[in-house]
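Undergrad: Pasting a structure here, questions to come.
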Amino acid sequence: MLLTVAALQKEAYGVEIKRELEERLKEKLSVGSIQSALKRMEEKGFLTSEFGEATSRRGGKRKRIYTATSYAHKILAEMKEIRAGLWESMPKMALQFG
Amino acid sequence: MKSRTTNNEQLSTKYNPPKWPVKFLRFFLNKEYLEEIEGDMEEIFQENVELLSLKKARRIYTIEMLKLLRPILLKNFRNMPVLNQFPMFRNYYKTSFRSLMKNPMSSFINIFGLSMAIGICVMLYGFAQWVNGIDQFHEHKNEVFLITSVGNRDGMQQQYGTTPAPLGEVLKQDYPQIQKICRITNAPVVVKYQDKVFHQAVRYADETFLQMLTFPMKWGSSGSLTDINSVIINQDIATKYFGEENPLGKSIQLIFGEDRKKEFAITGVAKKFPEAHAIAFDFLINIENLKVANPNYDPGDWSAIIDATIIQVNKPTDIATIEAGIDKYKTFQNEKHSEWEISSFHFISLADLYEKAGDIRDCISPPYYKTNFTAVVILSIITLFLLALACFNYINIAIVTAAKRLKEIGVRKVIGATRSKVITQFLSENIFVTSFALVFGLVIGIFVFIPGFEQINGFNMGFTMSHPKLWIFLAVVLLITGLFSGLYPALYISRFEVVTILKGSSKFGRQNPLSKVLLGFQLVLSCILITCAVMFTQNTGYVAQRSWGYDQNNVLYAEVQNQFAYEQLSAAMAQHANISSLAGSANHIGKSHRTVIVNLPPDKHYEIQGLSVDANYFSTMGLQLQEGRLFNQDSEVDKQTLIVNEELVKNFGWSEAIGQQVEIDSMRYEVIGVVRNFHNYHFDSKILPMAFTSTSKADYRYLSLRVNSGSERETYAAIQAQWIKLFPEIPFQGGYQQDVWGNFFENIRSHGKFWQGIAFITILLAGLGLYGLVNLNVTGRTKEFSIRKVLGAQTESLTVGILKQYAGLFIISLVIAMPASYYLVASLFDFAYEYHVPMNFISVTIAVCLLIFTLLSVVSTQVNKVANASPVNGLKVE
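Structure follows, in structure tokens:
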């Protein structure tokens, strides 16, 4: 999800994040799961948020826009490297499977 | 709540997410996240409405809402603002107190009414507690069981509290689970101490009696029952024979029969039995003494039946084992008594005995539970009615007085009170008032109602405040009364909008439709209660007058112990100038009868009441012969005849009674006469089929005398004097025939008194309620009345103006109330009494008149007030 937020350059707010994730993962997600994940990540310092604009579609309520912090970007890069390393040590097994 | 659409939106109907999930969300979610999450949810909702359907969108919304209830998103409930509630309640207390003081009349009506109703609640509680607590003071009540026998009598299975004499002993030997047994049997004896001689009932029991039934002792020890020369007496007997002194060690004589007497030493005095008791004893002696009373006594005789056998087991569950194996003993008994076979035995625990005793014949526990239980039920219904009356008064008055407080409510709402806070305020005011009423009610209940009730019914409930359950009961009463009477006014009053209040444009003061309904209800309830009271009062008079079916006046009777005594006494009395006729009998109307089994060939059996009398009995007692003839004196033939009552003829289905033949004890009897139905026992016993048989002189046990009217007293004194001359050792037993029903008339009168008290309270409550309502209504219309007076209205038109409001309501409620009262009270009477004053309209009419009278007097006080008030002052009122 962190990736998705980072990827969504424009308005990364609850509904948008949910939509994006559902598209990519081809799965139905609940608002509750998204929100709790967002809050947890915010607590850990991976995200910051601020209020955006209100629309009548939202019954006059403002959105909360999330942006990934630099700390988050750093962590993401680290994880990518670890994953890449693991993938490289796998070729023989993958071939055997195939 | 409609959302305002922006310019960009189309002016289409906007759908809103479902209300309740939104409210839920707002309650549960952390305030910081609320806006964002609610916004997200609404955006998704709108999308779904477009993509799918409204219904689906709503469903999805609700599901998503439920899924949002995660710990991380929830409010921090622990640090919620409870802290500032307390000062708020202090404020409410101050306001309630002030408003009570400002309206002394309404406050008085409310508090007084509620206290009366609560007082009755307290009385109800005391009574119910007594009824339920009867015989519960015995420590082993769950382990002690009474053995009952069930057999077939009259075509039905009947349960008897009596058992074969040897049963207890054999059970004890065969079952180790049985800790103790006790055999109990009662007998009449004559007790003599110095110059005091009385007929008493003595109880023979094994020494385990006092261990199993734990009566506390005042003097002496319960263990002394092992000594066969000891007797244990109760507190009242001790006072009767010995006054205040300690009788331990003194010796009294028990006379069992002709020359069977024995001295006993008093070795124990039981403390005054707890108020809630049913099983009791006067004199307790060891059962071995039966040998003294009856030399042929054989404890192992299976044909002998004793009044009760009780056993104590180690654990209540052991009973099942014994119950399974007990049936084999019935054969011993059935061999000896083939006409009265036992089909099974049952066990009833001491704890349940009082409750079940009504279904057991000849049981050592009296069968009063059902009547007492019915009384509790009826009292509960009355209590509920009265509480309802008081609460309705409160509701009506609260709604009308709220008019005076609208400004206060308006200001509170402006300052920031939400509707729920206003509701809380009024509810707490109500609880405050109810608490006051609770305290007063408790005082009234304990010092007025309970003693009054006890006095009317002649018993003591032993009510104490120390039962914890009482406080729980009071708290529940407080809560229920408070909520019931306070909820509606609170909800109603808090609904008013601030703007309308402060502008002064809120319509208030007119008759709220609910008030009318409540008032109507009150009238119906009051009518029912008052009708009931009138009927009970009428019943007292009716019962005093109703014919007994024979002439009970001017008749005396005396019990004699045998034929010899009869002949002596009757010879002595026959000389007396005032005696117009005398008769002898084995049984006596109102005192004793035999149970007779009549067989109608080929196969019908009936159980009837039998009276064995001589030929003169009918004229002496004033019984009325309808058909046939009476017995002939000393006729041998007539020994095989019967004179029956109308009820028997009806029961047996005979069209012609004279000449019918029946079989009793394998002997043939012929019916020679039919008497009019008469009441053998008091009016609460149904008249049963009955037959008179001709008795032989050897069986005479009663002497009946008809005396000239006016001479009862002196003849009674004369017969007593004769008795003492003839039988100085034996106390006289006899009396006036008209007293033979004992306390019956007293009881009926006490019912009447009780209901009169209830009616009084009802009228008080209804009257007060009416007064309060009318007063407030008139005060609210001061301006109107002043204007009318200025324009020249007379007192009559003012009266009509006031009455008009209530006339319609009164008429409708009374029209409903009359048939309701008629039927309800009629069924109550049919249920409670076997024979009673027939239901009539007079009682209903009186109730209705009383209520109308109350209304008129209330209205007249108000009319006076209005008539005397100066219209100028009225118009100045703002």
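One line per chain: the protein sequences are A and B, in this order.
The numbering used here numbers the first residue of the first sequence as 944 and each following residue consecutively.
The numbering used here numbers the first residue of the second sequence as 58 and each following residue consecutively.
For every residue, glycine included, the Cβ atom is placed at its ideal position computed from N, Cα and C.
Quick caveat, the model's predicted, so the values are computed rather than measured.
1. Using 10 angstroms around the beta-carbon of T991(A), count the other beta-carbons present and answer buried if the total reaches 16, otherwise exposed.
2. Alpha carbon to alpha carbon, how far is S604(B) from A775(B)? Give it in angstroms, no decimals.
3. Please classify Q681(B) as buried or exposed, where buried requires at least 16 other C-beta atoms within 10 Å of its C-beta.
4. Got a sec, what are the start and stop residues for the beta strand (DSSP E) Q683(B) sits in?
5. Between I18(B) and Q620(B), what straight-line distance do the alpha-carbon atoms span, to the nearest angstrom?
6. Which chain A residues sit within Cβ distance under 7 Å of E92(B)?
7. What are the uninterrupted segments assigned as alpha helix (DSSP H) that are 4 or more residues long and contained completely in the region 976 to 1041 of chain A, given in chain order?
8. Measure the Cβ-Cβ separation of R983(A) and Q103(B) and say whether it is below 7 Å.
9. Excluding the 5 residues preceding and the 5 following E66(B) in the sequence, name in chain order all residues of the same chain whose CB lies nearer than 7 Å to its CB.
10. Tell me the start and end of each unbroken beta strand (DSSP E) in the region 771 to 813 of chain B that is at least 3 residues and wholly inside, in chain order.
11. Under a Cβ-count criterion, where at least 16 other Cβ atoms within 10 Å of its own Cβ denotes burial, should R967(A) be classed as buried or exposed?
12. What are the start and end residues of the beta strand (DSSP E) that includes P245(B)?
13. Identify which residue in G577(B), Y793(B), I166(B), T242(B) has its Cα closest to the Cα of A361(B).
14. Are the beta-carbon atoms of Y217(B) and D409(B) separated by less than 7 Å?
15. Does the region 747 to 763 of chain B come close enough to the region 625 to 636 of chain B that 3 or more CB-CB pairs lie under 8 Å?
16. If we define contact as Cβ-Cβ less than 7 Å, is K132(B) a contact residue for chain A?
17. Buried or exposed: Y828(B), going by 16 or more other Cβ atoms within 10 Å of its Cβ?
18. Can the beta-carbon of K307(B) be found closer than 7 Å to that of I285(B)?
19. Name, in chain order, the residues that DSSP records as bridge partners for A258(B).
20. Which word fits F989(A), buried or exposed, when buried means at least 16 other C-beta atoms lie within 10 angstroms of its C-beta?
21. Taking the beta strand (DSSP E) that M274(B) falls in, what are its first and last residues?
22. Would you mind telling me which residues of chain B sit closer than 8 Å to K982(A), beta carbon to beta carbon, in chain order?
23. Within the continuous beta strand (DSSP E) that includes E720(B), where are the two ends?
24. Less than 7 Å between CB atoms is the rule here; does G957(A) satisfy it with respect to chain B?
25. Can you list, in chain order, the residues of its chain whose CB lies under 6 Å from that of T272(B), leaving out five sequence neighbours each side?
26. Please report the distance separating the alpha-carbon of F389(B) from that of I344(B).
27. Under a Cβ-count criterion, where at least 16 other Cβ atoms within 10 Å of its own Cβ denotes burial, should Y182(B) be classed as buried or exposed?
28. Measure the C-alpha to C-alpha separation of C448(B) and I585(B) and round it to an integer number of angstroms.
29. Applying the criterion that 16 or more other CB atoms from any shown protein chain within 10 Å of the CB defines a buried residue, is M58(B) buried or exposed?
30. Which bits of chain A does L125(B) rub up against, with CB to CB less than 9 Å?
31. Express the C-alpha separation of T491(B) and V797(B) in angstroms, rounding to a whole number.
32. Quick one: which unbroken beta strand (DSSP E) runs of 3-plus residues sit fully inside the region 422 to 463 of chain B? Chain order, please.
33. Drop a sphere of 10 angstroms on the beta-carbon of W780(B), count the other beta-carbons inside from all chains shown, and report buried for 16 or more, exposed for fewer.
34. Find the residues of chain B that neighbour R967(A), judging by a C-beta separation of less than 9 Å, and give them in chain order.
35. Whose Cβ in chain A lies nearer than 7 Å to the Cβ of Q103(B)?
36. Are the CB atoms of V259(B) and F340(B) within a distance shorter than 7 Å?
TA: With the structure as the only source:
1. The residue labelled residue 991(A) in the question sits at position 48 within the first sequence. It is exposed - the Cβ of T991(A) has fewer than 16 other Cβ atoms within 10 Å.
2. Numbered from 1 along the second sequence, position 718 holds the residue referred to as residue 775(B). Numbered from 1 along the second sequence, position 547 holds the residue referred to as residue 604(B). One C-alpha to the other measures close to 28 Å.
3. Here residue 681(B) refers to the residue found at position 624 when the second sequence is read from its first residue. Flag for Q681(B) reads exposed.
4. Taking the first residue of the second sequence as 1, we reach residue 683(B) at position 626. Start and end: 682 to 685.
5. Given that chain B is displayed from residue 58 to residue 935, the structure contains no residue 18(B) and the question cannot be resolved.
6. The residue labelled residue 92(B) in the question sits at position 35 within the second sequence. Neighbours of E92(B) on chain A, chain order: K1004, R1005.
7. 1013 to 1031, 1034 to 1040
8. The residue labelled residue 983(A) in the question sits at position 40 within the first sequence. The residue labelled residue 103(B) in the question sits at position 46 within the second sequence. Contact: no.
9. Translated into positions along the second sequence, residue 66(B) becomes position 9. Annotation note: pLDDT 47 at E66(B) (below 50); position unreliable, coordinate value reported separately. Cβ neighbours of E66(B) beyond the five flanking positions: none.
10. 791 to 793
11. Walking along the first sequence from the start, residue 967(A) turns up at place 24. Exposed: under 16 other Cβ atoms inside 10 Å.
12. For the purposes of this step, residue 245(B) is taken as residue 188 along the second sequence, with counting starting at 1. Taken as a continuous stretch (DSSP letters only), the beta strand (DSSP E) holding P245(B) covers 235 to 250.
13. Translated into the one-based positions of the second sequence, residue 361(B) becomes position 304. Closest by alpha carbon: T242(B).
14. One-based indexing of the second sequence puts residue 217(B) at position 160. One-based indexing of the second sequence puts residue 409(B) at position 352. No, they are not a contact pair.
15. yes
16. Along the second sequence, read from residue 1 onward, the residue named residue 132(B) stands at position 75. Chain A, which has no Cβ nearer than 7 Å to the Cβ of K132(B), makes this no.
17. As a position in the second sequence, residue 828(B) is number 771, starting the count at 1. Buried, since its Cβ has 16 or more Cβ neighbours within 10 Å.
18. Taking the first residue of the second sequence as position 1, residue 307(B) is located at position 250. Taking the first residue of the second sequence as position 1, residue 285(B) is located at position 228. No, the pair does not count as a contact, with Cβ atoms beyond the cut-off.
19. Looking up residue 258(B) in the second sequence gives position 201. Paired residues: P245(B).
20. Against the first sequence, residue 989(A) aligns to sequence position 46. Per the 10 Å Cβ criterion, buried.
21. The residue you call residue 274(B) lines up with position 217 of the second sequence. M274(B) -> beta strand (DSSP E) spans 274 to 277.
22. Start at 1 with the first residue of the first sequence, and residue 982(A) comes out as number 39. Near K982(A) (Cβ distances below 8 Å), the residues of chain B are Y90, I129, L130.
23. Walking along the second sequence from the start, residue 720(B) turns up at place 663. Run containing E720(B): 718 to 721, per the beta strand (DSSP E) assignment.
24. On the first sequence, position 14 is the one that residue 957(A) refers to. Chain B, which has a Cβ nearer than 7 Å to the Cβ of G957(A), makes this yes.
25. Residue numbering aside, residue 272(B) sits at position 215 when the second sequence is read from its first letter. A small fix is needed here, since residue 272(B) is Phe in this sequence, not Thr. Here the set comprises A327.
26. Counted from its first residue, the second sequence places residue 389(B) at position 332. Counted from its first residue, the second sequence places residue 344(B) at position 287. Distance between the alpha carbons of F389(B) and I344(B): 22 Å.
27. Counting from one through the second sequence, the residue named residue 182(B) turns up at place 125. Buried, by the Cβ-count rule.
28. Locating residue 448(B) in the second sequence gives position 391, counting from the first residue. Locating residue 585(B) in the second sequence gives position 528, counting from the first residue. Those two C-alpha atoms are separated by around 18 Å.
29. Working through the second sequence from its first residue, we reach residue 58(B) at position 1. Since pLDDT at M58(B) reaches only 43, below the 50 mark, its modelled position is unreliable, and the value read off the structure follows with that caveat. Under this definition M58(B) is an exposed residue.
30. As a position in the second sequence, residue 125(B) is number 68, starting the count at 1. Simply S973, V974, G975, Q978, S979.
31. Here residue 797(B) corresponds to residue number 740 of the second sequence, with the count starting at 1. Here residue 491(B) corresponds to residue number 434 of the second sequence, with the count starting at 1. Taking the straight line from one Cα to the other gives about 50 Å.
32. none
33. One-based indexing of the second sequence puts residue 780(B) at position 723. Looking at its Cβ environment, which holds 16 or more other Cβ atoms inside 10 Å, W780(B) is buried.
34. Numbered from 1 along the first sequence, position 24 holds the residue referred to as residue 967(A). Neighbours of R967(A) on chain B: none; closest Cβ ~18 Å, over 9 Å.
35. Start at 1 with the first residue of the second sequence, and residue 103(B) comes out as number 46. By Cβ distance, chain A contributes R1000.
36. Counting from 1 along the second sequence, the entry for residue 340(B) is found at position 283. Counting from 1 along the second sequence, the entry for residue 259(B) is found at position 202. Contact: yes.
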